[in-house]
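If you read the sequence shown in the numbering used here, its first letter stands for residue 22, the second for the next number, and so on.
Every residue, glycine too, gets a C-beta built ideally from N, C-alpha and C.
What follows is a single structure, written as structure tokens, with notes after it.
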Amino acid sequence: MTEVPAERFGTRFYQHDRRDEQGRSVTFKAGVVEKITDFDPAFFGISPREALKMDPQQRILLELTWHALEDAGVLPERIASTQCGVFVGVSALDYGTRTLDDLAAMNAYSMLGSTLSIAANRISFIYDLHGPSLSIDTACSSSLVALHTACESLKRGECETALVGGVNLLAHPYPFVGFSHASMLSKDGRSKSFAADANGYVRAEGGAVLLIKPLRAAQRDGNRIHTVIRATGTNADGGQKTGITMPSAEGQMRLLRQVLDRSGINPAEIDYVEAHGTGTAVGDPIEIQAIGSVYGAARLPDNPLPVGSIKSNLGHMEPASGMAGLVKAILTLKHQQIPPSIHADILNPQLALDEQHIHIVRSPLLFPAQNRPLRAAVNSFGFGGTNAHVIIEAAPSSLVVSSTKTPQSRHCPSLVLSAKDAAIFPDMANAYADLIEAQPENYAVIANNAAGHRQWLPSRLAVMGETPAVIVQRLRDFAMQVDAINPPRGVVLETALPHSNLKNRCAFVYAGNGAQWQGMGLALMQESPL
């Protein structure tokens, strides 16, 4: 946690210790993403002039989409022109509001760059995706509502695959001022989920994009599978509460029961709940009551349900917070360990945790051994009363296609990288050197993923060596002295050729064997993009 950089909007002019001071916020402490202006527009075929008017949220979503596709083992060029949907949770109008501060600076790209609907539409345009394309704003529950909408779209056959994401950036003082006057923000800069001294949340930036598709299709296509979505749902609290921003235990319980019923899972078999956990004296007890009534009630007092909230660690990403909680839950099941929620040394006595059969995880907690897949539920609630909930299940090891270790051989495979512009190879070389140095035992997996699960781009870099340590050293040497004519030993660099020419230049090398059985080589023909 830090503070919003002063250069974004001169925070000192808008801060005051009193909440009731007009036009001021009690805090600008936040979880901040650095270098939000860094963006390579040419990579996505966007002109520099247009990129200047693009909300950084749009830029980040384009980058996260690329990473999500490669992580899943889906080449971006292969998903083009397919019935892939895009569902994005986004609500921050900060960049558009900055535009209103200087109307004379507007140009033909200003509206496209600052309109929330374009956050999803631009992904569909840049990647040539033909499925539904929706930006969804339900405040803090936006990204989990986007996930539910995507799952329903898949079930209806509107799309074959779906990109689901959420993003949030803090680029204008007005939300700070508004939330401060509403007494929602923590003055001391800590989100103290479930704590006795909880006093509001800390705003945060961030984003995530996931690729989802039917499980059988993911298995068929050899995609990396991180989790299985068992059920999703969304509802509204309605009007039977004291105010629109007041959370409703009844509304939350109603949704949790509906999603649990759809999942077909026994409530006692939910191993962890990632709570919304904003760290407010009113909201936390209401949410714990709902979780306890639906999930905790199925537990014995000596086996309470583990509950936590990522907001205590990273802050509240608002429309992207549901996606942040989902990613945490996925990693929790993958590593079979729950990371601790922090800033809750003394728990709020109003939570009645013993009665609810709930345990707030405040130190790392390993899951007990199970003879079934681990399962988790994730809560996300909007401050206008729109609730979202999802239940996920750990992917069985037999389904985690691309994360298994490649069998070791006597030979060290070459590391082959590509880029649109050879100028980024030094940074890429250092990044891969760090990665390999940290986990040399997984070098074969790293090399395999670099060669087989990333989009091939015009500039190429190949590094050869007898061991991972040699590969690392040659990457470092290359990063220190880039010379296309005389690169370091074991390194081959080919700068970009026109992509259209690359497609027409192909060479085949045949071994002396190849006819030992019928259909030999057929798999290569079927799986190769050539």
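Taken through DSSP and simplified to helix, strand or coil, F108 comes out as strand. Going by DSSP, A203 is part of no alpha helix (DSSP H) at all; its letter is neither H nor E. Secondary structure of E55 (DSSP, three-state): coil.
Within the same chain, Cβ atoms closer than 6 Å to the Cβ of G346 are found at E295, I331 and V399, the five residues on either side in sequence being excluded.
Of the other Cβ atoms in all chains shown, fewer than 16 fall within 10 Å of the Cβ of M267; this residue is therefore exposed.
Taking 8 Å as the upper bound for CB-CB distance, I413 and T248 are in contact here, some 5 Å apart.
Nearest C-alpha to R251 among P77, V280 and T86: V280. G44 is a Cβ neighbour of V198, given a cutoff of 9 Å.
For the pair V25 and R33, the Cα-to-Cα distance works out to about 10 Å.
Counting only runs of 4 or more residues that sit fully inside the segment 90 to 166, the alpha helix (DSSP H) segments are 97 to 100, 115 to 121, 131 to 135 and 138 to 148, in chain order.
Minimum Cα-Cα distance from G187 among the listed residues C172, A125 and A113 corresponds to A113.
In this structure, the beta-carbon distance from A409 to L276 falls below 9 Å. Between A192 and Y116, the CB-CB gap stays under 9 Å. Scanning the segment 254 to 339 for uninterrupted beta strand (DSSP E) segments of 3 residues or longer gives 293 to 295 and 326 to 329, listed from N- to C-terminal end.
For V188, the enclosing beta strand (DSSP E) starts and ends at T182 to N189. Under DSSP, the beta-bridge partners assigned to L387 are Q358. Around M132, the same chain offers no residue with a beta carbon nearer than 7 Å, after the five sequence neighbours per side are excluded. Counting the other CB atoms within 10 Å of its CB gives S68 a total below 16, which places it among the exposed residues. Between the C-alpha atoms of Q494 and G486 there is a straight-line separation of about 9 Å. As far as DSSP is concerned, F404 takes part in no beta bridge. Counted as a single uninterrupted DSSP element, the stretch harbouring L478 is not any alpha helix (DSSP H), since DSSP gives it neither H nor E. DSSP, reduced to helix, strand and coil, places L514 within a strand of the structure shown. K355 and A415 do touch by the CB rule: their CB atoms are close to 7 Å apart, below 8 Å.
Between A140 and Q310, the alpha-carbon positions lie close to 36 Å from each other.
Under the DSSP assignment, A72 falls in the alpha helix (DSSP H) whose first and last residues are P69 to L73.
The three-state secondary structure of K50, taken from DSSP, is strand.
When the Cα atoms are used, R177 and P153 turn out to be separated by approximately 12 Å. Judged by DSSP in its simplified three-state form, A443 adopts helix. Contact check between the segment 202 to 212 and the segment 331 to 340: three or more CB pairs, one atom from each, fall below 8 Å, which counts as touching. Per DSSP, the unbroken beta strand (DSSP E) holding V230 starts and ends at G227 to I233.
Scanning its chain for C-beta atoms nearer than 8 Å, with the 5 sequence neighbours on each side dropped, one finds around S204 the residues R40 and G221, in chain order. According to the DSSP secondary-structure assignment, E42 is paired through a beta bridge with no residue.
Counting the other CB atoms within 10 Å of its CB gives H88 a total below 16, which places it among the exposed residues. With respect to the C-alpha of V107, the residue from R119, G298, T136 and S145 having the closest C-alpha is S145. Distances from the alpha-carbon of V109 to those of G343, N128, D366 and P325 put G343 closest. Measuring C-alpha to C-alpha distances from V328 to each of M338, I363 and V303 identifies I363 as the nearest.
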